[in-house]
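Here is the structure we will look at, set down as structure tokens.
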Amino acid sequence: VIWALSAVIIIQGIVIFKLLAGKKIKQTKPIEKAAPMIAIVIDDWGYNLNNLNILARMNYPITCAILPNLNYSINLIRDIHKFGKETILHLPLEPHEKFRLEKNTILTTMDENQIIAILGANLDNIPELKGVSNHMGSLATEDPRIMGIVLRELKKRGLYFLDSLVSAHSISKKIAVETGIAFAKRDIFLDNLNEAPYIKQQFHKLKQKASLYGNAIGIGHDRRITLSTLAELIPEAQKEGFEFVFVSDLAK
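Residue numbers (our numbering): 1 to 252.
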């Protein structure tokens with residue numbers, strides 16, 4: 001609080017400036033800008049256990065997307081939860097290019113009962129989920145019938161949907177709004193090239209997006225170079241004022 005002194009400045013009969021004696025002038029605090037938030041997603045867990053040791057040392061929020069029905073899908077869950085990470089189902093959906101399809105991939109030719117049965121089996125294979133993201137799915141995420149069935153079922157289970165955004169023509173957000181399910185989408189792929197300089201470049205873009213829009217989601221994969229590079233970059237970003245969160249903190 002500042003006490004004002006009394007002063008009047010008059011030029012040619014016109015009051016130019018006036019302060020009133022004894023009046024309190026309340027100082028306004030500067031508005032604190034919220035820290036930009038970043039969610040990191042690591043896809044494709046379940047093929048092996050090779051990188052769990054790196055994940056264990058990453059003491060900040062990471063969302064792990066686990067593929068169902070793989071050799072290590074279930075074995076991973078206990079350790080990932082022990083490390084304090086968030087788990088989501090990485091749901092196999094039909095892509096335009098039909099190669100290396102995972103078991104129980106949801107196809108656009110399936111009827112509603114088939115889709116619900118496969119989705120249910122995949123969800124039940126990965127316990128304690130917070131949400132679901134699409135594995136592949138460039139064709140399925142463009143199909144309003146498929147995404148309507150999937151998102152309605154996810155809403156019944158109280159799960160969010162993260163669109164990995166593998167198609168520029170994805171209609172997932174539109175269907176999510178109509179369905180009323182919590183939704184988020186990928187902003188940056190971090191490791192399309194399996195090289196540390198590229199990952200660092202993409203991480204810089206992710207920080208720029210978060211600074212501009214308030215938050216951003218980056219997706220990488222269960223690879224040693226990706227995790228070790230992020231383990232180097234994230235603490236530096238925290239010192240710069242970025243807050244790392246789970247996808248569930250951003251889905252709405």
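Where is the CB? At the ideal position from N, CA and C, for every residue including glycine.
Does the region 175–183 come close enough to the region 200–218 that 3 or more CB-CB pairs lie under 8 Å? no
Residues bridged to residue 216 [DSSP beta-bridge criterion]: 38
What's the gap between the Cα of residue 236 and the Cα of residue 90? 29 Å
Under the DSSP definition of a beta bridge, which residues are partnered with residue 133? Looking at the DSSP output, residue 133 sits in a beta bridge with 90, 162.
Closest to residue 336 by CA distance: which of 160, 34, 215 is it? Because the chain is modelled from 1 through 252, residue 336 falls outside the range shown and cannot be assessed.
Span of the alpha helix (DSSP H) around residue 185: Segment 183–185 is the beta strand (DSSP E) holding residue 185; no alpha helix (DSSP H) there.
Close beta carbons around residue 154, own chain, < 7 Å, minus the five adjacent residues each side: 132, 161, 181
Let's see if you can read the secondary structure: which residues bound the beta strand (DSSP E) around residue 63? 63–66
For residue 57 versus residue 231, is the C-beta spacing smaller than 8 Å? yes
Assuming residue 194 and residue 223 are in contact, meaning their beta carbons sit under 8 Å apart, how far apart are those beta carbons, in whole angstroms? Contact between residue 194 and residue 223 is confirmed by a C-beta separation of about 6 Å, below the 8 Å threshold.
Exposed or buried, what is residue 177 when buried is set at 16 or more other beta-carbons lying within 10 Å of its beta-carbon? Counting of Cβ neighbours within 10 angstroms places residue 177 among the exposed residues, the total staying below 16.
Using the three-state DSSP reduction, which class does residue 188 fall into: helix, strand or coil? strand
Let me know the secondary structure DSSP gives residue 112 once reduced to three states. Under the three-state reduction of DSSP output, residue 112 falls in the helix class.
Is residue 148 closer than 8 Å to residue 190 when the C-beta atoms are compared? no
Please look up how many angstroms separate the CB atoms of residue 140 and residue 106, rounded, as I've assumed it's under 8 Å. The C-beta distance from residue 140 to residue 106 rounds to 6 Å, short enough to meet the 8 Å contact threshold.
On the premise that residue 135 lies in contact with residue 67, defined as a C-beta separation below 8 Å, what is that separation, rounded to the nearest angstrom? Rounded, the Cβ-Cβ distance is 6 Å, consistent with contact.
Beta-carbon gap between residue 158 and residue 34 smaller than 8 Å: no
Go through its chain and collect everything with a Cβ distance to residue 143's Cβ below 7 Å, but skip five positions before and after it. 108
Helix, strand or coil for residue 242? Go by DSSP, reduced to three states. DSSP places residue 242 in coil when its eight states are reduced to three.
First through last residue of the alpha helix (DSSP H) which encompasses residue 178: 172–179 is the extent of the alpha helix (DSSP H) around residue 178.
How would you call residue 163, buried or exposed, if buried means at least 16 neighbouring beta carbons within 10 angstroms? buried
Report yes if the C-beta distance between residue 211 and residue 36 is below 8 Å; otherwise report no. yes
Let me check understanding here. Comparing Cα to Cα, which of 126, 119, 84 lies closest to residue 156? The shortest Cα separation from residue 156 among 126, 119, 84 belongs to 119.
Residue 233 and residue 54 look like a contact to me (Cβ under 8 Å); what is the Cβ gap, rounded to whole Å? Actually they are not in contact, since the Cβ atoms of residue 233 and residue 54 sit about 13 Å apart, beyond 8 Å.
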